[in-house]
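In full-length UniProt numbering, the protein residues as written are 1 to 595.
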Amino acid sequence: MFGAKFTTGPVGQTRLISDDSKDSQTPGFSSTFNLADFNFSPQVPSDTSADMPKKNKNSQFSNASQGPEMKKHELNSTEREGRGLKGSVEDGLKDLTNSVSDIKLTVEKPSSKTEGDLLVSARAFINRSVGAASFNGRAQQIRMTPLLTWDGKLAQEKHTGFYTFDQISLLGYKTRDCLPSPAGNSNDPTEEELIEPIFLNTETPWSAFICGSQGSGKSHALSVLLENCLYEDRSIGRLPRPLSAVVFHYDNQSRGSVCEAAYLASLGIPVRVLASETNYATLKAAYGKIPGAKANLTVQEFVLRPEDLNTARLQTLMAFGEKNGHLPLYMTKVNQVLRVMARVHKDGGMLTLLRYQKFKRDLAALDLSDTQRGPLDLRVSLLEDYMKLNPPKNSGGPYLPLFTARPGELTIVDLSTPLLDQAAACSLFNICLELFLEADNGVAKIVGLDEAHKYMGPTDASAVFTNTLLHAVRLQRHAGVRMVISTQEPTVSPKLLDLCSMTFVHRFSSPDWFGVLSGHIAGLAKKPGEEGARDGRDLFQEIVELKVGESYLFAPTAVLDVCDGNAIALGAKGVRIKTRMRLSADGGVSRLAGE
């Protein structure tokens with residue numbers, strides 16, 4: 001659809017084809033770089049023997065360059081007997097002064113030799129701990145970076161002495177990270193000189209927020225991120241351990257449009273689409289037209305099993321009509337029924353067929369007015385539209401779990417139908433997210449929200465879904481989850497903006513959107529005392545003028561620079577990048593008149 005087109009020639013040479021090139025199909029610019037120079041195979045840097053520090057079995061650091069200067073301060077038994085405790089204490093204090101002068105302990109003079117020995121060992125332990133924390137903390141921070149350049153990768157591996165990044169894939173490339181000079185300035189570097197590939201680290205958990213106007217490249221960026229996590233192509237990187245993915249899609253105005261991520265089936269990636277029963281036939285026909293769908297894509301009805309629900313999920317489904325935090329009147333008595341169910345079974349209220357039948361009988365016995373009974377019956381009817389108590393006679397057995405989290409598999413939950421409103425869609429998405437995260441089979445996961453502005457709005461169901469997403473982002477390091485939110489409007493959830501480790505700002509023209517982003521992204525916030533042209537107006541103008549596929553990237557922990565041989569995090573700065581061309585078929589091409 002856009003971006004520089006990468007073509008692989010002899011010996012792994014990759015070319016970025018410009019608009020003027022005859023074989024170009026997408027906008028871009030002309031430049032070349034040789035992917036043969038990028039060695040994706042795990043190995044220790046070749047200059048290890050010459051430049052790398054030698055390991056010292058008596059130290060946590062290989063030499064002084066890897067941590068604070070360490071001096072021997074503990075004597076062996078023979079030396080201690082010869083010099084005595086006093087000499088040991090004096091040596092320990094002298095070494096401590098030289099190596100951790102910035103740490104001060106307020107202690108009284110030891111009253112005995114035993115206490116003096118403890119003081120020395122305590123200070124020595126602090127000495128080692130400070131050094132280890134400084135070195136290991138920095139190494140771990142860079143190892144967990146979501147994005148990096150090739151120079152950053154080499155610098156980190158040379159510094160640590162071992163291969164750090166064994167699962168990275170090309171995401172795009174830097175174009176420029178500064179304001180353009182006045183027109184005609186011959187000192188400006190060319191676009192070719194500024195090309196620097198950026199790689200996505202799929203080994204570590206991260207979260208990304210993508211925003212911009214329609215047609216600016218949001219869904220394209222989401223698809224590229226999914227390709228990097230699900231599909232290995234040695235021309236762009238390495239993926240020895242593919243992830244499992246789920247993408248949520250909803251459009252209540254849908255007339256057969258599909259989720260763009262489904263085009264990954266054209267690569268041979270297995271794609272499962274879970275479609276609403278009321279729109280199943282339409283969506284099955286629409287998804288069947290995708291390249292590769294016959295062999296790699298299946299469309300199934302979205303069906304919840306009784307065991308997929310528990311007390312909390314029933315509450316969510318039964319009460320999604322709440323307004324401004326106030327539960328419908330009938331929910332007070334429904335909650336009483338649910339609490340009794342949880343107390344009786346003492347297993348979190350996990351639902352079974354028999355328990356659900358008992359639950360319905362209890363609801364029918366409730367003393368409710370006609371105005372309360374109507375909304376309750378409507379909720380129960382909606383619940384049973386998506387929960388099947390008994391499989392069809394010819395189905396061959398019970399319904400299978402919705403999510404199995406297989407590596408390299410993409411599941412799309414497409415609830416597009418005019419008969420389902422935003423609140424109900426969010427409630428069902430929330431259940432699906434919890435079920436997907438609970439499918440623990442040792443496979444890392446990625447969650448995608450496509451066109452999130454179409455279903456995340458000012459509803460209580462949306463707030464519940466947002467809280468589940470926030471919880472997953474906060475625990476992403478422990479749960480091994482990657483999260484991508486793609487939306488036109490950054491206003492859908494400022495809280496998600498605050499927590500995401502990467503923000504991709506594509507083209508838009510709304511000053512209000514820029515104001516929201518400025519309040520939640522350090523790289524867009526006005527600095528104290530900042531005046532003049534660089535007070536935000538110029539940056540907003542640059543965002544308005546971004547080309548299709550370009551974005552401003554804000555990722556404080558991304559390693560995109562090297563200084564004096566050391567990998568440097570991006571920090572509060574922003575960098576202008578362009579997303580690479582998709583490997584899969586492009587399903588986001590705009591349709592022109594006559595096509």
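Note that the Cβ used here is the ideal one computed from N, Cα and C, for glycine as well. Quick caveat: nothing in here was measured; it's all calculated off a predicted structure.
Here DSSP, grouped into helix, strand and coil, assigns Ser276 to coil. Distance from the Cα of Glu203 is smallest, within the candidate group Leu583, Asp117, Cys229 and Ala569, for Cys229. At the C-beta level, His220 and Asp586 come within 9 Å of one another. The criterion of a C-beta distance shorter than 9 Å is satisfied by Ser509 and Val544. The way I'd put it, the region 561-570 doesn't touch the region 514-521; fewer than three beta-carbon pairs between them come closer than 8 Å.
Non-local beta-carbon contacts of Glu550 in its own chain, meaning distances under 6 Å to residues more than five positions away in sequence, involve Lys578 in chain order. If the five residues before and after Gln141 are omitted, its C-beta is found closer than 7 Å to the C-beta atoms of Thr557, all from its own chain and listed in chain order. Sorting Ser266, Glu260, Thr411 and Leu470 by C-alpha distance to the C-alpha of Lys495 places Leu470 at the top.
Straight-line spacing of the CA atoms in Gly408 and Leu297 works out to 13 Å.
Secondary structure note for Asp460: its alpha helix (DSSP H) is the uninterrupted segment Asp460 to Arg474.
With the rule of 3 Cβ pairs closer than 8 Å, the region 288-302 does not count as touching the region 361-374. In this structure, the alpha-carbon of Tyr455 lies about 16 Å from that of Phe209.
Secondary structure note for Lys445: it is in no alpha helix (DSSP H), and the uninterrupted beta strand (DSSP E) holding it is Lys445 to Leu449. Judged by beta-carbon spacing, Leu171 lies beyond the 9 Å limit of Asn279, meaning their Cβ atoms are not closer than that value. Boundaries of the beta strand (DSSP E) harbouring Pro197: Glu196 to Asn201, taken from the DSSP string. For the options Arg361, His345, Asp377 and Asp117, the alpha carbon positioned closest to that of Tyr330 is the one of Asp377. Of all alpha-carbon atoms in Lys218, Ala522 and Pro511, the one lying nearest the alpha-carbon of Asp538 is that of Pro511. The residues Asp166, Gln167 and Glu232, in chain order, have a CB closer than 8 Å to that of Pro240 in the same chain once the five nearest residues on each side in sequence are set aside. In this chain, Leu366 is not harboured by any beta strand (DSSP E), its DSSP state being neither H nor E.
By the neighbour-count criterion, in which a residue is buried when 16 or more other Cβ atoms sit within 10 angstroms of its Cβ, Arg474 is exposed. Inter-segment contact for the region 443-462 and the region 422-431 is present: three or more beta-carbon pairs are separated by less than 8 Å.
In this structure, DSSP gives Ala567 an extended state, which the three-state scheme calls strand. The Cβ-Cβ distance between Ala452 and Ser493 falls below 9 Å.
For Ile521, no beta strand (DSSP E) segment is defined, and its DSSP state is neither H nor E. Burial state of Thr311 is buried, judged by a 10 Å Cβ sphere holding 16 or more other Cβ atoms. Between the alpha carbons of Ser416 and Asp251 lies a distance of about 5 Å. In the DSSP assignment, Phe209 falls within the beta strand (DSSP E) that extends over Ser207 to Cys211. Counting the other Cβ atoms within 10 Å of the Cβ of Ala572 gives fewer than 16, which makes it exposed. Pairing Met581 with Val303, the inter-Cα distance amounts to about 36 Å. For Leu222 against Ala261, the beta-carbon gap comes to about 6 Å, under 8 Å, which counts as contact. Among the bridge pairs identified by DSSP, Arg482 is matched with Ile446. Contact check for Leu524 against Ser486 fails: the beta carbons are separated by 9 Å or more. For Ala585, there is no enclosing beta strand (DSSP E), as DSSP marks it with neither H nor E. For Ala265, same chain residues with a beta-carbon under 7 Å away, outside a window of 5 residues either side, are Val271, Ile290, Gly292, Ala293, Asn296 and Leu297 in chain order. Secondary structure of Lys358 (DSSP, three-state): helix.
With distances taken between CA atoms, Gln315 lies nearest to Arg339 out of Met483, Ser244 and Arg339.
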